[in-house]
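S.K.: For reference, each letter of the sequence shown is one residue, going 8 to 386 in this note's numbering.
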Amino acid sequence: MDVPYDFDVVIVGAGIAGICTAYRLQERCPKLSYCILEGRHEIGGTWSLFQYPGIRSDSDLYTYSFPWRPWKGKTIATGAQILGYLKDAAREHGLDKHTRLNRQVDNMSWSNTTGAWTLEVTNTATADTTAKTERIRCRFVLLSTGYYDYETPLQAKIPGLEDFQGTVVHPQFWPKDLDFRGKNVVVVGSALANLHHLSAVRECSAISDQAGTAAGLGVSIEPNFTPKYEPFDQNLCLTPDSDFYEILRQGKTSIKTGYIDRVTPKGIRLQTGPELQPDIIVTATGLKLRFGGSIRISVDGRPFTLSEHFVWKGCMLDSLPNCVAIIGYYDASWTLGTDISAKMACRLLNKAMRGKKKTMPNSKGWRQTTMAAKEIVLV
Numbered sequence: 008m009d010v011p012y013d014f015d016v017v018i019v020g021a022g023i024a025g026i027c028t029a030y031r032l033q034e035r036c037p038k039l040s041y042c043i044l045e046g047r048h049e050i051g052g053t054w055s056l057f058q059y060p061g062i063r064s065d066s067d068l069y070t071y072s073f074p075w076r077p078w079k080g081k082t083i084a085t086g087a088q089i090l091g092y093l094k095d096a097a098r099e100h101g102l103d104k105h106t107r108l109n110r111q112v113d114n115m116s117w118s119n120t121t122g123a124w125t126l127e128v129t130n131t132a133t134a135d136t137t138a139k140t141e142r143i144r145c146r147f148v149l150l151s152t153g154y155y156d157y158e159t160p161l162q163a164k165i166p167g168l169e170d171f172q173g174t175v176v177h178p179q180f181w182p183k184d185l186d187f188r189g190k191n192v193v194v195v196g197s198a199l200a201n202l203h204h205l206s207a208v209r210e211c212s213a214i215s216d217q218a219g220t221a222a223g224l225g226v227s228i229e230p231n232f233t234p235k236y237e238p239f240d241q242n243l244c245l246t247p248d249s250d251f252y253e254i255l256r257q258g259k260t261s262i263k264t265g266y267i268d269r270v271t272p273k274g275i276r277l278q279t280g281p282e283l284q285p286d287i288i289v290t291a292t293g294l295k296l297r298f299g300g301s302i303r304i305s306v307d308g309r310p311f312t313l314s315e316h317f318v319w320k321g322c323m324l325d326s327l328p329n330c331v332a333i334i335g336y337y338d339a340s341w342t343l344g345t346d347i348s349a350k351m352a353c354r355l356l357n358k359a360m361r362g363k364k365k366t367m368p369n370s371k372g373w374r375q376t377t378m379a380a381k382e383i384v385l386v
């Protein structure tokens, strides 16, 4: 049964992946109609959401920027500079004109009868409850929603944290009015956000949740700068202008590597060492992974459980028709991977639009050839 479509393609998300995908779609599939649905009030994705002090790129901008809009500034950029770059790139190529802001996709359902996706979208910018929900019908959905949960950060289990009488914040939802000047700040965590915070919060103590003296720093190499993992098993943390070490030299910052016994109403008690007494605790303990955002997906009325299906080429799931996930790299600049996925999606679209009603990976035989039991030898 033929049904009218609102668009040929709907791109969900207007961050790096969504902007890159829209550009490639305009370039390589110029006859297709499309729109971008973005749940936030502006273009930018991660660089719109994260506003904690000191946030900057963890990749060089020459590979992190779009190949079709090269970066011309310094190698490492601040979050505000990257956000501005993304908005400029979208505006220069007319991508912003196809973007609908404050549009949260709640459900997407595929019908084999009509060969179409129906998206239920909430307009979060209006108070009119009768106009808040709209339905958009399309042939293809390109998910550019990133890899983590925008709504809920990773909640590390820190005993007694709820009893603390000071301020507790997570980098994912940093209050714009938080004044940390003259305050004692404890940053819990040892990853990249920790370095960013230390670069911006000059008077603080930092605790690593892992558990000697670097030359001229007064900080022990063992165990503070000796991770449990090998180089490149995890991303290395880069301090390009050495501001992290400069802060340590000033003597206003200390590093405590160990385990938290519990948080008390007035401070943090470690399993070993003195109790710390912060005014503010920053729980820089990571992100909560989530594929496809918070969208509920169904096929012919049946819920589609992502974890029960195989992934093809890192961007399509078996038994999920006409849907491509635009995912970037984790061990290199994210943008490089999104651009490859976007190009692949365009090749697929050009073939699918030539009379193909439904396109998805054929998983027959996968389980037998890839999941056969094998003897595991630990070396």
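Where is the CB? At the ideal position from N, CA and C, for every residue including glycine.
Please state whether DSSP places ALA222 in a helix, a strand or coil.
M.R.: Within the sequence shown, the letter at position 215 stands for residue 222. Low per-residue confidence applies at ALA222: pLDDT is 42, beneath 50, and the placement is therefore not dependable, though the value from the model is reported in the following sentence. DSSP places ALA222 in coil when its eight states are reduced to three.
S.K.: Alpha carbon to alpha carbon, how far is CYS42 from ARG276?
M.R.: Sequence index remark: in the sequence shown, residue 42 carries index 35 (1-based). Sequence index remark: in the sequence shown, residue 276 carries index 269 (1-based). Answer to the nearest angstrom: the Cα atoms are 52 angstroms apart.
S.K.: Any idea which residues DSSP pairs GLY269 with across the strands?
M.R.: The residue given as residue 269 occupies position 262 in the sequence shown. According to the sequence as given, residue 269 is Arg; it is not Gly. Paired residue(s): ARG276.
S.K.: By the 10 Å Cβ neighbour count, where 16 or more other Cβ atoms means buried, how is TYR69 classified, buried or exposed?
M.R.: For the purposes of this step, residue 69 is identified with residue 62 of the sequence shown, where counting begins at 1. By the neighbour-count rule (16 or more Cβ atoms within 10 Å), TYR69 is not buried but exposed.
S.K.: Measure the alpha-carbon distance for VAL112 versus GLY189 and round it to whole angstroms.
M.R.: If you number the sequence shown from 1, residue 112 lands on position 105. If you number the sequence shown from 1, residue 189 lands on position 182. Roughly 42 angstroms between the two C-alpha positions.
S.K.: Whose C-alpha, out of ILE165, GLY293, TYR236, is nearest the C-alpha of ASP268?
M.R.: Here residue 268 refers to the residue found at position 261 when the sequence shown is read from its first residue. Checking every option, the nearest Cα to that of ASP268 belongs to ILE165.
S.K.: LEU343 lies in the alpha helix (DSSP H); which residues open and close that run?
M.R.: Taking the first residue of the sequence shown as position 1, residue 343 is located at position 336. Note, LEU343: alpha helix (DSSP H), 341-359.
S.K.: Please report how far the alpha carbon of PRO77 lies from the alpha carbon of TYR71, in whole angstroms.
M.R.: If you number the sequence shown from 1, residue 77 lands on position 70. If you number the sequence shown from 1, residue 71 lands on position 64. Approximately 9 angstroms between the Cα atoms of the pair.
S.K.: Quick check on the DSSP output: the beta strand (DSSP E) that includes TRP124 runs from which residue to which?
M.R.: Taking the sequence shown and counting its residues from 1, one reaches residue 124 at position 117. Unbroken beta strand (DSSP E) run through TRP124: 123-130.
S.K.: Distance check for SER348 and ILE334, CA to CA, integer angstroms please.
M.R.: Here residue 334 refers to the residue found at position 327 of the sequence shown. Here residue 348 refers to the residue found at position 341 of the sequence shown. Rounded to the nearest angstrom, the two C-alpha atoms are 7 angstroms apart.
S.K.: Where does CYS27 fall in DSSP's three states?
M.R.: Here residue 27 corresponds to residue number 20 of the sequence shown, with the count starting at 1. The answer is helix: DSSP assigns CYS27 an H, G or I state.
S.K.: If you compare alpha carbons, which of GLU169, LYS263, THR271, ASP325 is closest to PHE232?
M.R.: Position 225 of the sequence shown holds residue 232. Looking at the Cα atoms, LYS263 is the closest of the given residues.
S.K.: Quick one: what does DSSP say ARG209 is sitting in, helix, strand or coil?
M.R.: Counted from its first residue, the sequence shown places residue 209 at position 202. Note that ARG209 has pLDDT 46, beneath the 50 cutoff, so the model's placement of it is unreliable and the number below is only indicative. Coil at ARG209, not helix or strand.
S.K.: Decide yes or no for the touch test of the region 282-295 against the region 310-323: beta carbon pairs closer than 8 angstroms, at least 3 of them.
M.R.: Flag = no, the region 282-295 and the region 310-323 do not touch.
S.K.: Would you list the residues sitting across from PHE171 in a DSSP beta bridge?
M.R.: Position 164 of the sequence shown, counting from 1, holds the residue named residue 171. In the DSSP output, where bridge partners are listed per residue, PHE171 has none listed.
S.K.: Under 7 angstroms between the Cβ atoms of THR28 and SER151?
M.R.: To locate residue 28, count along the sequence shown from 1; it is residue 21. To locate residue 151, count along the sequence shown from 1; it is residue 144. Cβ atoms of THR28 and SER151: closer than 7 angstroms.
S.K.: Report the three-state DSSP secondary structure of ALA21 (helix, strand or coil).
M.R.: Working through the sequence shown from its first residue, we reach residue 21 at position 14. In the structure shown, ALA21 sits in coil (DSSP, three-state: anything other than H, G, I, E or B).
S.K.: What separation, rounded to the nearest whole angstrom, lies between the Cα atoms of ASP13 and CYS145?
M.R.: Here residue 13 is taken as the residue at index 6 of the sequence shown, counted from 1. Here residue 145 is taken as the residue at index 138 of the sequence shown, counted from 1. Near 6 angstroms, if we compare the C-alpha coordinates of CYS145 and ASP13.
S.K.: When you compare the region 121-131 with the region 312-322, are there three or more beta-carbon pairs, one atom per stretch, that lie closer than 8 angstroms?
M.R.: Short answer: they don't touch.
S.K.: Here's the rule: buried if 16 or more other CB atoms are within 10 angstroms of the residue's CB, otherwise exposed. What is SER340?
M.R.: Taking the first residue of the sequence shown as position 1, residue 340 is located at position 333. Buried is the call here.
S.K.: Mind checking SER249: buried by the 16 CB within 10 Å criterion, or exposed?
M.R.: Taking the sequence shown and counting its residues from 1, one reaches residue 249 at position 242. Under this definition SER249 is an exposed residue.
S.K.: Taking the alpha-carbon of SER370 as reference, which of TRP117, LYS38, MET323, ALA87 has the nearest alpha-carbon?
M.R.: As a working mapping, residue 370 is identified with position 363 in the sequence shown. Taking only the C-alpha atoms, the option nearest SER370 is MET323.
S.K.: Give me the residue from ALA21, GLY153, GLN172, PHE147 with the minimum Cα distance to LYS273.
M.R.: Reading the sequence shown from its first residue, position 266 is the one you call residue 273. It is GLN172 whose Cα lies nearest to the Cα of LYS273.
S.K.: Leaving aside the five residues before and after GLU158 along the sequence, list all residues of the same chain whose C-beta is less than 8 angstroms from its C-beta, in chain order.
M.R.: In the sequence shown, counting from the first residue as 1, residue 158 sits at position 151. Correct list, in chain order: SER301.
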